[in-house]
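A.B. asks:
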Ligand code: GAR
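Residue numbers (full-length UniProt numbering): 3 to 212.
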């Protein structure tokens with residue numbers, strides 16, 4: 003089984019599905035540690051309840067982003083992960099960290115990338131009058147929310163939708179596609195090539211499901 007380290011800043015609902023599916027054997031991997039930059043992240047409690055190492059690395063105790071990320075690399079590498087999963091980790095990463103985990107660092111983002119990189123994605127989709135929205139799992143590169151997409155899920159935007167209703171629906175989709183991408187990686191079916199992501203040797207540029 004592959005060794006997975008999950009980085010969080012908050013509730014950790016995506017972490018929870020990954021914990022569940024590794025325990026159930028649906029993902030051929032084991033979560034070696036959960037690391038949060040925030041002491042109040044509920045995901046730390048989820049990790050403890052699952053019997054997984056729950057570690058806090060408070061970014062406020064570091065002088066700058068570079069020193070925080072250096073400490074983070076050291077902490078992560080103690081667990082010798084095959085895969086590092088960002089699950090609501092709300093920190094911008096240094097190029098040093100991104101390069102260190104090139105090809106084994108994944109993120110989930112609540113929009114249909116390349117649309118709406120950054121924050122407030124649901125509000126921006128609503129304000130733009132989009133009729134479809136969703137979420138994306140991607141490999142992390144130095145460009146913020148710009149790495150090659152592994153899988154996306156989409157949902158129609160309805161007239162009655164609010165930021166909150168949309169956020170909830172997208173969250174449910176996240177819980178479907180993130181464990182799928184992790185499972186693919188753990189079964190060595192995913193590769194990050196120079197021209198994008200391949201699943202079983204085939205480019206996944208158009209992958210996604212409704
Ligand atoms: C998720 O919606 C995830 O897509 C988003 O944070 C939430 C974490 O939820 N990530 C980002 O916005 C990254 N820029 P969770 O803690 O319940 O998994």
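The C-beta atom is built at its ideal place from N, Cα and C for all residues, glycine as well.
Compute the beta-carbon to beta-carbon distance between residue 143 and residue 149, rounded to the nearest angstrom, for a pair I have assumed lies under 8 Å.
C.D. replies: The residue given as residue 143 occupies position 141 in the chain shown. The residue given as residue 149 occupies position 147 in the chain shown. Residue 143 to residue 149, Cβ: 4 Å. Contact.
A.B. asks: For residue 24, collect the residues of the same chain with a Cβ closer than 6 Å to its Cβ; drop the 5 residues on either side in sequence, then sort them by chain order.
C.D. replies: Counted from its first residue, the chain shown places residue 24 at position 22. For residue 24, where only same-chain residues beyond five positions count, the Cβ hits under 6 Å are 31, 32 and 33.
A.B. asks: What residues in its chain sit with their C-beta under 6 Å from that of residue 209, if we drop five residues either side in the sequence?
C.D. replies: Counted from its first residue, the chain shown places residue 209 at position 207. At residue 209, the pLDDT of 48 sits below 50, so the modelled position is not reliable; the number obtained from the coordinates is stated separately. Same-chain partners within the cutoff: 153.
A.B. asks: Can you look up residue 117 in the DSSP assignment and give me helix, strand or coil?
C.D. replies: As a first step, residue 117 must be located in the chain shown, where it is residue number 115. Of the three classes helix, strand and coil, the one that applies to residue 117 here is coil, per DSSP.
A.B. asks: Kindly give me the distance between the Cβ atoms of residue 133 and residue 158, rounded to whole angstroms, as I take these residues to be in contact under 8 Å.
C.D. replies: Reading the chain shown from its first residue, position 131 is the one you call residue 133. Reading the chain shown from its first residue, position 156 is the one you call residue 158. Between residue 158 and residue 133 the Cβ distance is about 6 Å, and since that is below 8 Å, they are a contact.
A.B. asks: What are the boundary residues of the beta strand (DSSP E) that includes residue 55?
C.D. replies: As a position in the chain shown, residue 55 is number 53, starting the count at 1. Per DSSP, residue 55 belongs to the beta strand (DSSP E) from 55–58.
A.B. asks: Whose C-alpha, out of 125, 42 and 62, is nearest the C-alpha of residue 170?
C.D. replies: By 1-based counting over the chain shown, the position of residue 170 is 168. The candidate whose alpha carbon is nearest that of residue 170 is 125.
A.B. asks: When the Cα atoms are used, what is the spatial distance from residue 103 to residue 17?
C.D. replies: Counted from its first residue, the chain shown places residue 103 at position 101. Counted from its first residue, the chain shown places residue 17 at position 15. Approximately 19 Å between the Cα atoms of the pair.
A.B. asks: Can you have a look at residue 120 and say buried or exposed, based on whether 16 or more other CB atoms are within 10 angstroms of its CB?
C.D. replies: Sequence index remark: in the chain shown, residue 120 carries index 118 (1-based). Exposed, because fewer than 16 other Cβ atoms sit within 10 Å of the Cβ of residue 120.
A.B. asks: Regarding residue 13 and the ligand GAR, is the C-beta to nearest heavy atom distance less than 7 Å?
C.D. replies: Counting from one through the chain shown, the residue named residue 13 turns up at place 11. Residue 13 Cβ: within cutoff of the ligand GAR.
A.B. asks: Confirm the yes/no value for this check: CB of residue 111, any heavy atom of the ligand GAR, distance under 7 Å.
C.D. replies: Translated into the one-based positions of the chain shown, residue 111 becomes position 109. Because some heavy atom of the ligand GAR lies under 7 Å away, the Cβ of residue 111 counts as near it: yes.
A.B. asks: Can you check DSSP and say which residues form a bridge with residue 110?
C.D. replies: For the purposes of this step, residue 110 is taken as residue 108 along the chain shown, with counting starting at 1. Residue 110 pairs with 139.
A.B. asks: Using CA coordinates, which residue listed in 52, 14, 107 and 22 is at the minimum distance from residue 40?
C.D. replies: Sequence index remark: in the chain shown, residue 40 carries index 38 (1-based). The candidate whose alpha carbon is nearest that of residue 40 is 14.
A.B. asks: Between the Cα of residue 140 and those of 193, 78 and 203, spot the shortest distance and give me the residue it belongs to.
C.D. replies: What you label residue 140 is simply residue 138 of the chain shown in a count that begins at 1. Here the closest residue by C-alpha is 193.
A.B. asks: Helix, strand or coil, according to DSSP, for residue 83 in the structure here?
C.D. replies: Within the chain shown, numbered from 1, the residue matching residue 83 stands at position 81. Residue 83: coil per DSSP, three-state reduction.
A.B. asks: CA-CA distance, residue 212 and residue 63?
C.D. replies: Numbered from its first residue, the chain shown carries residue 212 at position 210. Numbered from its first residue, the chain shown carries residue 63 at position 61. Bear in mind that the predicted position of residue 212 carries a pLDDT of just 45, short of 50, making it unreliable; the figure below should be weighed with that in mind. Taking the straight line from one Cα to the other gives about 43 Å.
A.B. asks: Taking 8 Å as the cut-off, decide whether the C-beta atoms of residue 114 and residue 163 are in contact.
C.D. replies: Position 112 of the chain shown, counting from 1, holds the residue named residue 114. Position 161 of the chain shown, counting from 1, holds the residue named residue 163. For residue 114 and residue 163, no; Cβs fall outside 8 Å.
A.B. asks: Could you tell me if residue 138 is buried or exposed, where buried requires 16 or more neighbouring beta carbons within 10 angstroms of its beta carbon?
C.D. replies: Your numbering for residue 138 matches position 136 in the chain shown. Its Cβ being crowded by 16 or more others within 10 Å, residue 138 is buried.
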